[in-house]
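First up is the structure itself, then whatever we jot down about it.
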Amino acid sequence: MTVAIAHPNIALIKYWGKQPGPGNLPATPSLSVTLEGMRTTTSVEPWGVDTLVLNGTESADPKISQFLALLRQQFDIPPLKIDTSNDFPTGAGLASSASGFAALMTAINAQCELGLSACAISGWARQGSASAARSVFGGFVSLGAPNWEAKQEFDASHWPLNVLVAVTSDVRKHTSSTQGMTISANTSPYFNAWTETAADDFQSAKDAIRHKDFESLAKVAEHSSMKMHALMLSSQPALIYWNAGSLEALAKISELQSDGLDVFATMDAGPQVKAVCTESAAPAVSEALNALPNILRVVHTRLGPGATTVAV
Ligand code: DP6
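Numbering (the working numbering), first residue to last: 2 to 313.
Structure below.
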């Protein structure tokens, strides 16, 4: 048996939409931070028939079955029991598929002795879920052309940003990211504008991170997140991932910015709000978010490492 752990990541420059054709190639480059405070733990072992246990319950997941079928076109992989669990809400906009496929591919590589490099593991993880390509690496991670294997831009120690996740719901989202992206690409009049402006945002964010320029990073990251949500809202049917708690948190973060704190907000395909801030701003941001009526809890995390196997 092999056990691997991986951490979710939060995109500061968002991926939303795919290129046509195979390989699950994103339509936009993205840039993320890997979070140490939340984790997926996945074990794999040879078994009579493929079996998936998700958070303690035997489950069926077509994305995982399709992923195994794809891998078996290239590698000799026996039937496997996959036992995977998250210590954070699953399918609620907290990147559980990112850490999930990163941990799974890392575990399969070791268990089946595939001998793949971290880049190649990332390329395979992307085919399961594109954001998973980024969770293979720690710190600040990009996913872009031409090869669409993720790359570590800077490790976690380069800039010790903190992320406070304001959890506003533990309920599984109604429309998955994969479905939502197809709907946006097919129906939003803003889709071309989204893909055309992504490369500039990606470059600005990389520059801001290189220079540890918080104000510039905040500006471009909030813009990328809000543009993605504008795209979602302009899809038919509209993809509304926000709830009352999300709006409360966004308003509070904006207030904290006006008070001069180094903090910005980003949201994914779910109602949780992630407040990215400097180490020194974190206590005040945490206190302010915790005091809001519709916030269930605040998870405080820092930047963390990539996926790895662990001894059993
Ligand atoms: C909003 O990686 O979950 O979190 O490739 O279809 O599995 P698939 O999508 P997924 O999408 C993540 C979208 C996002 C933004 C991001 O993480 O870049």
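Positions of the beta carbon are idealized from the N, C-alpha and C atoms, including for glycine.
Counting along the chain, no beta strand (DSSP E) covers residue 262, and no H or E run does either. The segment 155-162 and the segment 50-59 do not touch, with fewer than 3 CB-CB distances between them shorter than 8 Å.
Residue ranges of uninterrupted beta strand (DSSP E) with 3 or more members, entirely inside the segment 3-81 and ordered along the chain, are 3-7, 10-14, 31-35, 41-47, 52-55 and 58-60.
Nearest in C-alpha terms to residue 10, of all of 193, 311, 41 and 20, is 41.
Contact annotation: the segment 178-187 touches the segment 15-24, with at least three C-beta pairs closer than 8 Å.
Proximity of the beta carbon of residue 195 to the ligand DP6 is not indicated: no heavy atom of the ligand is located closer than 7 Å. Counting every other CB atom within 10 Å of its CB across the protein chains shown gives residue 238 a total below 16, marking it as exposed. In the structure shown, residue 173 falls within a coil segment according to DSSP collapsed to helix, strand and coil. Under DSSP, residue 275 takes part in a beta bridge, and its partners are 166 and 267.
Taking C-alpha positions only, residue 294 is separated from residue 278 by approximately 22 Å. In the structure shown, the three-state DSSP call for residue 297 is coil. Within the chosen limit of 7 Å, the ligand DP6 reaches the beta carbon of residue 15 through at least one heavy atom.
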